[in-house]
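Just below is one structure, and these are the notes that go with it.
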Amino acid sequence: MVVGCMAMALAIGLLVFAKSAKAKPDSDEARYLSPREMVLSLDGRWLYVMCESSDEVRVVATQHGNVVKTVAVGHEPRGIVLSSDGTHLYVANSWDDTVSEIDTAKLKVTRTLPTGFEPNGVAVDREGKTLYVANRLSNDISVVNLADGQEIKRLAAGRGASYLTPSPDGKLLYATHVYPKIGKHRTAPESEVTVIDTQKQVVVDRKQLHNVAGVFHTATSSDGKLVVSAQLRPKNLVPLAHVEHGWAFGDSLAIFGDGVNGVVQIPLDELERYVAMPYAVAITPDNKKLYVSSSGSEVVTVVDIQKMIGYVQTTKGPIANDLSASANYVLTRIPVGRNPKGLVLSRDGTKLFVANRMDDSISVIDTSNDVVVSTMGLGGKPDMTSLRRGEQLFYSSRFAFQGQFSCANCHIDSTFDGLQWDLEPDGFGVDIVDNRSIEDLGGTEPFKWNGGNPNMATECGPRTEKFFYRSQSYNSAELADLVTYVMALPYRPNRYRLPGGELTMSQERGKAIFERTANKRGQPIPETNQCGYCHSGAKYTNTKQTDVGSGKPTDRSPLVDVPQLPNVAYSAPYLHDGSAKSMEEIWTVFNPHDTHGVTNDLQKDELNDLIEYLRTL
Amino acid sequence: MKTRLLSGLLMLMVCVSAVAATPDMPRYRWENFTTANGLPDNHVFNVLVDGNRIWAATENGLALYEDGKWKVFTPADGLAHRAVLSLAVDKRTGDVWAATMGGLSRISAGRIDTFNQLNSGLSNDVVYGVAVQGDFIWTATAAGASRYNTRTGQWSLFNERNTPMYEIWTYAVTVGSDKIYYAVWGGGVLEYDLKTERWKDYNDPDGETEIVLFKDQGLIHEITTSVSYVDKILWVATYFGDSRYDGRNWHNFLTKDSGLPSNFTNQVKAIDANRAWFSTDKGLAYYDGTNWAVYRPNLKTGAPEMYVRDVDGNITNITVDTAPAHNYILGVDFQGDDIWVATAKGLSHGIRQK
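Top to bottom, those sequences are chains E and H.
In terms of our numbering, the first sequence opens at residue 554 and continues consecutively.
In terms of our numbering, the second sequence opens at residue 10 and continues consecutively.
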């Protein structure tokens, strides 16, 4: 039946394209695909490739590498899973807050299921009764009854819940997160692996990951005794400009399970060679080898599991910052395409498929000798535009000193990282800056927290070269491409607006507070201290620098660039240095003298109204 | 000999008659927990049963009793405040919500997330009560009611500006399938209809704070401390007696005409439409719809005490070997046939004997 459908699809040359996402510049028929995640059919004949940029799943015949069918899904798909009986695919549409259910026999979307905010990872229980969805922006996991498609409940996850991996017996589910918890200002980042009991459908454990921010895919050994997650250890408490004296990110693994004492973090990097942004993990069925894609470094790292466990068991003291450690367990690095993301092993473990997101291709690795034996093109737009080149540059770490990191390290999936950085070589702890969102930046110039960079070319060029990459960085053509890409990044959908665009009563009251010109006693508020003075225009910024009293003694100047407000709800913490853990704290903690707008006359519910309005922007 | 036999038979008949007349009320063997055996503080404000896990809200931390061991959560672990006043469990997720003197905390698989009036939309840091209604967390605070939407992170506040709440010191909250009820300390009871999203208040019709003039014509007193809503019956505890409301008629309970050991009631917790437990300053009382039973250490001697009051007001002392840790009772929760009791001097486990 499946074969019949495939044949028919081939015969009519059917290619179904999803409607383009908002503000996506390439809206013509041939578009870039950006394959991100993959799953194999149970018989291994078909590779279902989820393409992030083209909003579709491409079905590839593994034997020949041909794309035999394309299934349109929702916007910005980020996760895909196959039911245990192989009859259905589930695709998380991150911009639609839905999951597309695809019948693998008909290769058609049969249902669209609601989720939380920005769904990413998906998993199905063994019985095919319950769907789990990791929601990145609502920081939780939807539990969906597949019988009626209704969401049963939400489980509290960590911040930026994104990836789900079941244990081999299906009893547990491991969830990881791309953003760290919002903790005490200027302390080491913390993350967790959230462990869900699929029988009880509750969270039963939270494996703590210290000094860790972004955590990506997880894999388990075939016996379930070893669990491995790919993760980033940022060094954000020391100036980034010291990158040549140490390193900015520890590209590493978190491992736990039998034979491992607690959760142990081990590096993948080695001295003077870095494998930036570890993303996906795959373990061979014989549990001998482990593969990790490094999405910034265009390689797949191969780890000898027995040596890794042995090293962990015999080494005293922390391993995570020892760049000599990886030589004890890394077997080789396999060059693959640009921005390698998802990994899938064939069921017998002889082949490894690698999704080269920025090449629109799949590398096929022979696991017996760990070499790429073929590369399968997926189609898509053949010619390179400036925007696509810029996107490739954004996700490549080859420009940074020793290839340590890329733009995407701090702007995960072109967003932010939830961290506060000490960027410049001006002394430890001086001019701390919170990582801002980079959505729809046009008209918000100048850039940098103090407005020091007049345009994006300065921001991405000399500034990045001098303070971040500590290398010669981009040439002028590359810089132009990168700027094109960054300036084209669209807004993500706002989840707080009602479908018709109208405001709730609370939001209306908040809007009135935002626009008020007098305080509650009827006294006029000076124009320069009204919300709308600084936060004016389409982007809610007057693009000026002003002192709102949020400066710290460690700031060189109290003047801060007025930030744009659209989608401000997503980018906590707040203020230029990220010292306000929530929007509330901007005013309850950091505005004692009404220098950041007049708010001290507001009752608590009125402040809540103001925040409800700001969330709609 | 014959006379003695007849006398004996007569005595036996009297005894049987007396025994038969005493209502069969639940009996317990009490095991008490204090700081001597792991509790972080003897002042226990509230207790919550979640399957085999017992949570004790104490003045010095949140204690979890599981597998025979106590684990204590404090502000060092992220708890909003050391003084925990009330607890609620989300039965769907297993998350426990703790109302404290310094905000609201969610305990989820060991992780504690804290919400306070500075970092969130919570109306006030002094949170007396908490209840879970689906995806919403309702809190009773010293500055009105708050509702937190766990899916969107949005807060809704209810106070004197948008409800009939003339006193904003909300003290306890309970949820039902159709209604939310608040005990407002000094402000009677507030009802929120989930369908119409409208508020309604219930107040003491005589308006007297020290005496009860109109006994069954409305809420017994404005100083309410606890509400319980089961089977569409509302039970209200006050410092001046207790009330039961079926949506049409009020019935009030006072020591003078019920088995209540005291009018000063900290909590009422209903089992169904007719049965409820009352936590008073002079012992724990159980009402089965007709009869009363009181469990406590004797107020003078401290000796274990249980007595039963039948419908006619007859009181029968029951010989017992154990009693709750103290007569000042703050709250109860149920574990099958067993009961857990929060007192001012320890946590008690009532193990059902018959």
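Think of the CB as a built atom: it goes at the ideal place given N, C-alpha and C, for glycine as much as any other residue.
Residue i: contacting residues in chain E (beta-carbon distance under 7 Å)
i, result
"Trp164 (chain H)", "Asn1161"
"Asn61 (chain H)", "Within 7 Å Cβ-Cβ: nothing; Asn61 (chain H) doesn't reach chain E, min ~13 Å."
"Asn168 (chain H)", "Asp1158"
Distance CB(residue i)-CB(residue j) smaller than 7 Å
i, j, result
"Asn789 (chain E)", "Leu972 (chain E)", "yes"
"Ala302 (chain H)", "Met34 (chain H)", "yes"
"Val917 (chain E)", "Val889 (chain E)", "no"
"Thr67 (chain H)", "Pro84 (chain H)", "no"
"Val755 (chain E)", "Gly103 (chain H)", "yes"
"Ser114 (chain H)", "Leu73 (chain H)", "no"
"Phe54 (chain H)", "Leu94 (chain H)", "yes"
"Arg712 (chain E)", "Tyr732 (chain E)", "yes"
"Tyr191 (chain H)", "Ala151 (chain H)", "no"
"Ser847 (chain E)", "Val828 (chain E)", "yes"
"Thr141 (chain H)", "Thr183 (chain H)", "One point to set straight first is that residue 141 (chain H) is Val, not Thr, in the sequence displayed. It is not a contact, given that the beta carbons lie outside the stated cut-off."
"Ser1100 (chain E)", "Leu1118 (chain E)", "Going by the sequence as given, residue 1100 (chain E) is Asp instead of Ser. No, the Cβ-Cβ distance between Asp1100 (chain E) and Leu1118 (chain E) is not below 7 Å."
"Phe809 (chain E)", "Lys760 (chain E)", "yes"
"Val746 (chain E)", "Tyr727 (chain E)", "yes"
"Ser879 (chain E)", "Glu797 (chain E)", "no"
"Ser296 (chain H)", "Pro333 (chain H)", "Sequence inspection shows Tyr at residue 296 (chain H); the Ser mentioned does not correspond to that position. Their beta carbons are not under 7 Å apart, which means Tyr296 (chain H) does not touch Pro333 (chain H) by this criterion."
"Lys1073 (chain E)", "Ser132 (chain H)", "no"
"Asp210 (chain H)", "Gly195 (chain H)", "no"
Chain H residues whose Cβ lies nearer than 8 Å to that of residue i
i, result
"Glu669 (chain E)", "Residue 669 (chain E) is actually Gly in this sequence, not Glu. Those are Arg160, listed as they occur along chain H."
"Ile1164 (chain E)", "Gly130"
CB contact check: residue i to chain H, cutoff 7 Å
i, result
"Leu690 (chain E)", "no"
"Lys1134 (chain E)", "yes"
"Asp1154 (chain E)", "no"
"Asn673 (chain E)", "no"
"Leu755 (chain E)", "In the sequence under discussion, the amino acid at residue 755 (chain E) is Val, which differs from the Leu named in the question. True, the Cβ-Cβ gap to chain H drops below 7 Å."
"Arg759 (chain E)", "yes"
"Leu1167 (chain E)", "no"
"Ala676 (chain E)", "no"
Chain H contact residues for residue i, given Cβ-Cβ distances below 9 Å
i, result
"Ile819 (chain E)", "Neighbours of Ile819 (chain E) on chain H: none; closest Cβ ~24 Å, over 9 Å."
Listed by chain order, chain E residues near residue i by CB distance under 8 Å
i, result
"Ser132 (chain H)", "Lys1157, Asp1158"
"Ala152 (chain H)", "Lys1157"
"Leu127 (chain H)", "Glu1137, Glu1138, Thr1141, Val1142"
Contacts of residue i in chain H (Cβ-Cβ under 7 Å)
i, result
"Ile808 (chain E)", "Per Cβ cutoff of 7 Å: no residues; Ile808 (chain E) is ~20 Å from chain H at best."
"Asp839 (chain E)", "Per Cβ cutoff of 7 Å: no residues; Asp839 (chain E) is ~33 Å from chain H at best."
C-beta neighbour in chain E for residue i, strict 7 Å
i, result
"Thr205 (chain H)", "no"
"Arg120 (chain H)", "yes"
"Ser117 (chain H)", "yes"
"Ser26 (chain H)", "Because the pLDDT of Ser26 (chain H) is 42, which lies under 50, any placement of that residue in the model is unreliable, and the question is left without a value."
Per-residue contacts from residue i into chain E (C-beta, under 9 Å)
i, result
"Val144 (chain H)", "Note on residue identity: the sequence assigns Asp, not Val, to residue 144 (chain H). Within chain E, the residues near Asp144 (chain H) are Lys706, Arg707."
inquiry  = What are the residues in the segment 1052-1074 of chain E lying within 8 Å of chain H by C-beta distance?
reply    = Residues of the segment 1052-1074 of chain E whose Cβ lies closer than 8 Å to any Cβ of chain H, in chain order: Ser1059.
request  = Let me know the alpha helix (DSSP H) ranges lying completely inside the segment 1130-1168 of chain E, each 4 residues or longer, listed in chain order.
outcome  = Listed in chain order, they are 1136-1141, 1157-1167.
Chain H contacts made by the segment 702-735 of chain E, where a contact means CB separation under 7 Å = For the segment 702-735 of chain E, which is checked against every Cβ of chain H, the residues closer than 7 Å are Lys706, Arg707, Leu708, Ala709.
task = Note down, one range per segment and in chain order, each beta strand (DSSP E) of at least 3 residues found wholly within the segment 845-888 of chain E.
result = Runs of the beta strand (DSSP E) inside the segment 845-888 of chain E: 852-857, 883-888.
inquiry  = At 4 residues or longer, what runs of the alpha helix (DSSP H) sit wholly inside the segment 300-361 of chain H?
reply    = As far as the segment 300-361 of chain H is concerned, it has no whole alpha helix (DSSP H) run of at least 4 residues.
key: Short-range partners of chain E found in the segment 240-253 of chain H, where Cβ spacing is below 9 Å   = For the segment 240-253 of chain H, the set of residues with a beta-carbon nearer than 9 Å to any beta-carbon of chain E is empty.
inquiry  = Please list, in chain order, the residues of the segment 1117-1141 of chain E that have any C-beta partner in chain H closer than 7 Å.
reply    = For the segment 1117-1141 of chain E, the beta-carbon criterion of a distance under 7 Å to any beta-carbon of chain H is satisfied by Lys1134, Ser1135, Glu1137, Glu1138, Thr1141.
key: Near-chain E residues of the segment 90-114 of chain H (beta-carbon distance less than 7 Å), N- to C-terminal order   = Taking 7 Å as the Cβ-Cβ cut-off against chain E, the residues of the segment 90-114 of chain H that qualify are Arg101, Thr102, Gly103, Asp104.
message = At a CB distance below 7 Å, what residues from the segment 336-351 of chain H approach chain E? Give them in sequence order.
response = Taking a C-beta cut-off of 7 Å against chain E, none of the residues of the segment 336-351 of chain H qualify.
ask   = Fully enclosed by the segment 161-187 of chain H, which beta strand (DSSP E) runs are 3 residues long or longer?
value = Runs of the beta strand (DSSP E) lying entirely within the segment 161-187 of chain H and spanning at least 3 residues, in chain order: 164-167, 179-184.
request  = Only counting runs of 3 or more residues, tell me where the beta strand (DSSP E) segments fall wholly within the segment 622-682 of chain E, in order along the chain.
outcome  = You should have 630-635, 641-646, 651-656, 661-667, 672-677.
query = Which runs of the alpha helix (DSSP H), 4 residues or longer, sit entirely within the segment 1057-1099 of chain E?
reply = Here the runs fully enclosed are 1058-1068, 1084-1087.
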